[in-house]
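Trainee: Heads up, the sequence shown is in the working numbering, so the first residue is 0 and it goes up one at a time.
Even glycine gets a Cβ: it sits at the ideal position worked out from N, Cα and C.
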Amino acid sequence: MSVPKKDAAHEELLSVLRTGKNRLEFLTHNDWQLIVDRAKRTTFNKGDVLIQAGKQNKTVYLLVKGNARVEASTKAFIAHLQPGEVCGEMAFLENGVASANVTAAEALEVCAIEWAALSDLFELYPHLGSRFYRSLAVNLSRRMRDLLGSKPGVQASV
């Protein structure tokens with residue numbers, strides 16, 4: 000049985016997700032195929048809210064095109080997300096509510112994958128789950144170091 004050939008747009012999508020700054024770097028090409036095949040391509044306009052602090056969010060977003068802004072509920076800037084980066088992962092990890100607001104800084108295209116779909120994948124492919132969680136852990140560590148490094152007088156080597 001042959002596997003259907005994916006089109007150029009699909010391969011471009013996979014390339015963006017595999018090469019972003021804070022990407023899920025430990026995922027394999029096959030892992031990405033499984034995730035993207037179960038994700039829904041969604042667009043947001045500038046100013047649209049993807050994730051609202053304090054609200055239950057059952058989706059992890061993988062940015063494909065455009066940028067997003069992450070802010071605390073107090074409107075304090077936390078991070079700027081670019082293509083290849085992920086958001087919604089903290090609520091996913093904690094099975095809780097979102098800790099920050101994520102807003103489209105410009106027209107935004109994402110791959111949105113529901114928690115249930117991720118959980119199903121991890122049950123079917125346990126090694127994908129371990130690579131996914133390891134990638135999230137490294138991303139969160141980098142973000143924490145970046146955040147601490149941007150504060151005057153704070154040592155970033157936590």
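Just to confirm, is the Cβ distance from Gln81 to Lys20 under 8 Å?
Mentor: Contact flag set, yes.
Trainee: Asn100 lies in the beta strand (DSSP E); which residues open and close that run?
Mentor: It spans Asn100 to Ala103 - the beta strand (DSSP E) in which Asn100 sits, taken as one unbroken run.
Trainee: Within 10 angstroms of its Cβ, does Phe43 collect 16 or more other Cβ (buried), or is it exposed?
Mentor: Buried, because 16 or more other Cβ atoms sit within 10 Å of the Cβ of Phe43.
Trainee: DSSP has Glu93 in a bridge; who is on the other side?
Mentor: Bridge partners of Glu93: none, in fact.
Trainee: Counting only runs of 3+ residues fully inside the segment 40 to 80, write out the beta strand (DSSP E) ranges in chain order.
Mentor: The segment 40 to 80 contains these whole beta strand (DSSP E) runs: 48 to 50, 58 to 64, 67 to 70 and 76 to 80.
Trainee: Pull up the DSSP beta-bridge partners for Ile34, would you.
Mentor: Note: Ile34 sits in no beta bridge, so no partner.
Trainee: Is any heavy atom of the ligand ZN found at a distance shorter than 7 Å from the C-beta of Glu108?
Mentor: Because no ligand of any kind appears in the structure shown, any question about the ligand ZN cannot be addressed here.
Trainee: Since I believe Val35 is in contact with Leu13 (beta carbons under 8 Å), could you give me their beta-carbon distance rounded to a whole number of angstroms?
Mentor: Sure, about 6 Å apart at Cβ, within 8 Å.
Trainee: Look at the alpha carbon of Ile50 and the alpha carbon of Arg142, and state the distance between them as a whole number of angstroms.
Mentor: Distance between the alpha carbons of Ile50 and Arg142: 18 Å.
Trainee: Could you give the DSSP three-state label for Leu199: helix, strand or coil?
Mentor: As displayed, the chain neither begins before 0 nor continues past 157, which places residue 199 out of reach and without an answer.
Trainee: Can you give the Cα-Cα distance for Ser118 and Gln55, rounded to whole angstroms?
Mentor: So the two alpha carbons sit approximately 17 Å from each other.
Trainee: Taking the continuous alpha helix (DSSP H) assigned at Leu107, which residues delimit it?
Mentor: Unbroken run through Leu107 is the beta strand (DSSP E), Leu107 to Glu113; no alpha helix (DSSP H).
Trainee: Should Asn100 go down as buried or exposed, given a rule of 16 or more other Cβ atoms within 10 Å for buried?
Mentor: Buried, because 16 or more other Cβ atoms sit within 10 Å of the Cβ of Asn100.
Trainee: For Arg22, collect the residues of the same chain with a Cβ closer than 6 Å to its Cβ; drop the 5 residues on either side in sequence, then sort them by chain order.
Mentor: Excluding positions up to five away in sequence, the list reads Gly83.
Trainee: Would you mind reading off the limits of the alpha helix (DSSP H) that contains Gly18?
Mentor: According to the sequence as given, residue 18 is Thr; it is not Gly. Where Thr18 is concerned, the enclosing alpha helix (DSSP H) stretches over Ala7 to Thr18.
Trainee: Please classify Val48: is it buried, with 16 or more other beta-carbons within 10 angstroms of its beta-carbon, or exposed?
Mentor: So Val48 ends up on the exposed side.
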